[in-house]
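Q: One structure is given below, represented as structure tokens, and several questions about it will come after.
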Amino acid sequence: MQLRTVTFVFTFIFACLTGNAQDLYTKNESVDIQNYVFGLHLNDASNQIKGETEVTVRFKEGMVPFALDLIQKTGEFGMEVTSVLENDSNASYTYTNNKINIVPKNSNDSVQTFTIKYQGVPERGLVIDTTKFGKRSFFGDNWPNLARHWLPSVDHPYDKASVEFRITAPEQYDVVATGKKIEESNLENGYKLTIYEEPAPVATKVMTIGVTEFASRVVDHVDNIEVSAWVYPQNRLEGFGDYTVAGDVLEYFIDHIGPYSYAKLANMQAKTQWGGLENAGTIAYFENSVTGNKTVEPLIAHEIAHQWFGNSATEKSWNHVWLSEGFATYFCILYLESEYGDERRKEELAIDKQQIFEYYRKNPAPIVDLTIKDPMKVLSTNTYQKGGWVLNMLRHKLGDGVFWEGIRNYYAKYQNSNVLTDDFRHVMEEVSGEDLKSFFEQWLFVKGHPQIKWNWDYSNGNINLNIQQLQDHHVFEFPLEIGVVKNGKLTIKTIELDQRNQNIQLESKDRPDSIVLDPNEWTLFEDMGKL
């Protein structure tokens, strides 16, 4: 996902990496949701929806009570449950504190199906509004935990499930949703039934529907994956032109990371609180993303990168959301680098670096911040830009070949699964043969970054560098490339910094014209000026 304001835009012991993170959602590891079927009836007379949800549940350790999230009716908004069935008989349940608590009665089968019938007006999650052209619309906008406003579900990414949407809506509307379309039927009563089915497991945060008057076109096929654009009819030609690049982006990530997990890739102009929302296989982009100027490529690359990182390999705890947003940020940069060259990578990272420094001055916290309890607060410059910078440094530390091998292995191991930061570290250690504990600890679990003052002089065939780390809470250990400039030629030398104050000599037969620190944007540090 991209925040609209994002430009395209404490030390913990290392055991925290394995992490009992601060995420407070109560996980029921004895129960695994296998599949949702969300039947929804939408209308034009009111914003009330009627729902019938079938939830297929696998009980891992015998029959145990379990809960589904659903916001209860309070005043105008919320849902009323009219019945809950266990298989075909009435279930034993209570509905309190926005939870449907179900106590299974049938102990014969480890896999059972429960049906929840309900109705109400969602306050959030399903955005019922008008488009910028005044047309009525319904858009799923679940991130991070807003599915509970309209879909009875385990509304947390730790328990993913396959999903089917059965949408009954006035016949003039076009419907797109998570999954592949398997039916569109006119019901001859002024309504139309449209069914989409996604066999891959999906977190509720990235399940969606889009219902309004659309213009749609298939813009590409990549590895038998249909790539389409869904835009407002008034933006038809501009939108098709802007979103067509999605096919090139999809091909790049399949080639470099691994197989795509979902039934299709639809790109949808939508009402969303975000700049873009990476719904699995059905990405939502903010309404004004369509310009006809093809300026939306970085946003498209960011959201498509999420299909691998965040959607398929999904953070198990909200406090580890950098595994989603930091990855999408950097893999967008990698795509742009492949298209436009290394200068584009350096430009993007230089912009991000300044945003990291500005953010830190007001918010001195680490990327994996275990003090955060509210998932709405985990998104920040830390989890986006700084997370991306960590991957940039890891790539430079390991080299391109090892880095990409590690990324492919990581995705292969955790495709359609859940991860924590430690899982990623272990894979990269296995591939590289290196101990990466200190690297991960200092860049992800320690706040801040190196802030340095420095100077240099030249004498007796040596460049004498004096470097001080000014931050008082931690001494960072990191390699730093030194650019030696003579007669317009740049020579790179690498030094290792691991002390608060260091004096380093570099041999040079001639006095340099100038010295440049980190000319190729490989290390995150803040240059505080000359000593």
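Residue numbers 326 to 856, in the working numbering, belong to the letters of the sequence shown in order. Positions of the beta carbon are idealized from the N, C-alpha and C atoms, including for glycine. Since the structure is predicted, the reported quantities are computational estimates derived from the model, not experimental observations.
#1: Should residue 605 and residue 630 be called a contact, given that it needs their Cβ atoms to be closer than 8 Å?
#2: So, with DSSP's three-state summary, where would you put residue 609?
#3: On a Cα-Cα basis, can you pick out the residue from 327, 510, 436, 463 that is closest to residue 520?
#4: Does the distance from the CB of residue 759 to the CB of residue 326 come in under 8 Å?
#5: Taking all protein chains shown into account, decide if residue 699 is buried (16 or more other Cβ within 10 angstroms of its Cβ) or exposed.
#6: What's the gap between the Cα of residue 736 and the Cα of residue 751?
#7: Between the alpha carbons of residue 461 and residue 448, how many angstroms are there, rounded?
#8: So, using beta-carbon positions, are residue 575 and residue 600 closer together than 8 Å?
#9: Our contact map puts residue 571 next to residue 592 with C-beta atoms below 8 Å; I'd like the distance itself, whole angstroms only.
#10: Taking the alpha carbon of residue 505 as the point to measure from, which residue in 525, 495, 848 has its own alpha carbon closest?
#11: Apart from the five residues just before and just after residue 628, which ones in its own chain have a Cβ nearer than 6 Å to its Cβ?
#12: Enumerate, from N- to C-terminal direction, the unbroken alpha helix (DSSP H) stretches of 4 or more residues contained entirely within the region 687–773.
#13: Would you mind listing the beta strand (DSSP E) stretches within the region 583–666 that are 3+ residues and don't spill past its ends, in chain order?
#14: Cutting at 7 Å between CB atoms, please list the residues of its own chain near residue 366, excluding the five before and the five after it.
#15: Measure how close the beta-carbons of residue 589 and residue 553 come, nearest whole angstrom, since I'm counting them as under 8 Å.
#16: Can you tell me where the beta strand (DSSP E) holding residue 572 begins and where it ends?
#17: Return the CA-CA distance between residue 853 and residue 842, expressed in angstroms with no decimal places.
#18: Would you kindly work out how many angstroms separate the C-alpha atoms of residue 419 and residue 393, rounded to a whole number?
#19: The alpha helix (DSSP H) spanning residue 562 covers which residue range?
#20: Taking the straight line between their C-alpha atoms, what separation do you get for residue 400 and residue 799?
#21: Straight-line CA distance for residue 713 to residue 845?
#22: Which runs of the beta strand (DSSP E) spanning at least 3 residues fall entirely within the region 374–460, listed in chain order?
#23: Among 438, 391, 538, 421, which one has its Cα closest to the Cα of residue 458?
#24: Given 7 Å as the limit, tell me if residue 795 has its C-beta closer than that to any heavy atom belonging to the ligand ZN.
#25: So, with DSSP's three-state summary, where would you put residue 548?
#26: Is DSSP giving residue 473 helix, strand or coil here?
#27: Classify residue 708: buried if its beta carbon has 16 or more other beta carbons within 10 angstroms, exposed otherwise.
#28: Is it buried or exposed, residue 701, if we count other Cβ atoms within 10 angstroms and call 16 or more buried?
#29: State buried or exposed for residue 515, treating a residue as buried only when at least 16 other CB atoms are found within 10 Å of its CB.
#30: So, with DSSP's three-state summary, where would you put residue 804?
#31: Using 10 angstroms around the beta-carbon of residue 668, count the other beta-carbons present and answer buried if the total reaches 16, otherwise exposed.
#32: Comparing the C-beta of residue 585 with each C-beta of chain B, is any distance below 8 Å?
A: Put simply:
#1: Their beta carbons are not under 8 Å apart, which means residue 605 does not touch residue 630 by this criterion.
#2: Residue 609 sits in a strand when the DSSP states are folded into three classes.
#3: If we check each option's Cα against that of residue 520, 510 comes out closest.
#4: Taking 8 Å as the cut-off, the beta carbon of residue 759 is found no closer than this to the beta carbon of residue 326.
#5: A residue is called buried once 16 or more other Cβ atoms fall within 10 Å of its Cβ, and residue 699, having fewer, is exposed.
#6: Pairing residue 736 with residue 751, the inter-Cα distance amounts to about 13 Å.
#7: Taken atom to atom, the span from the alpha-carbon of residue 461 to that of residue 448 is near 16 Å.
#8: One thing to note: residue 575 has its Cβ no nearer than 8 Å to the Cβ of residue 600.
#9: About 5 Å separates the Cβ atoms of residue 571 and residue 592, confirming a contact at the 8 Å cut-off.
#10: It is 525.
#11: Close CB contacts of residue 628 within its chain, under the 6 Å cut and outside five residues either way in sequence, are with 601, 603, 608 (chain order).
#12: If we require 4 residues or more, the alpha helix (DSSP H) runs fully inside the region 687–773 come out as 712–723, 725–739, 746–757, 762–765.
#13: Qualifying beta strand (DSSP E) stretches, in chain order: 590–595, 607–611, 638–640.
#14: The residues are 374, 375, 493.
#15: For a cut-off of 8 Å, the C-beta gap from residue 589 to residue 553 is around 7 Å, short enough to register as a contact.
#16: From DSSP, residue 572 is part of no beta strand (DSSP E) but of the alpha helix (DSSP H) over 571–581.
#17: Approximately 12 Å, taken between the alpha carbons.
#18: Between residue 419 and residue 393, the C-alpha separation is close to 11 Å.
#19: Where residue 562 is concerned, the enclosing alpha helix (DSSP H) starts and stops at 561–568.
#20: So the alpha carbons of these two residues sit roughly 51 Å apart.
#21: Their backbone Cα atoms lie some 16 Å apart in a straight line.
#22: With a minimum length of 3 residues, the continuous beta strand (DSSP E) runs that stay inside the region 374–460 are 374–384, 391–394, 403–411, 417–421, 424–428, 436–446, 451–455.
#23: For the residues 438, 391, 538, 421, the minimum Cα distance to residue 458 belongs to 538.
#24: Within the structure as shown, the ligand ZN is missing, as the structure has no ligands at all.
#25: Residue 548 falls in the coil class under three-state DSSP.
#26: In this structure, residue 473 counts as helix in the three-state DSSP scheme.
#27: The residue is buried, with at least 16 neighbouring Cβ atoms inside 10 Å.
#28: Here residue 701 is exposed: its Cβ has fewer than 16 other Cβ atoms, across all protein chains shown, within 10 Å.
#29: Classification of residue 515: exposed, given that the 10 Å Cβ count is below 16.
#30: Correct three-state label for residue 804: strand.
#31: By the 10 Å Cβ count, residue 668 comes out exposed.
#32: Any reference to chain B falls outside this structure, which holds one protein chain only.
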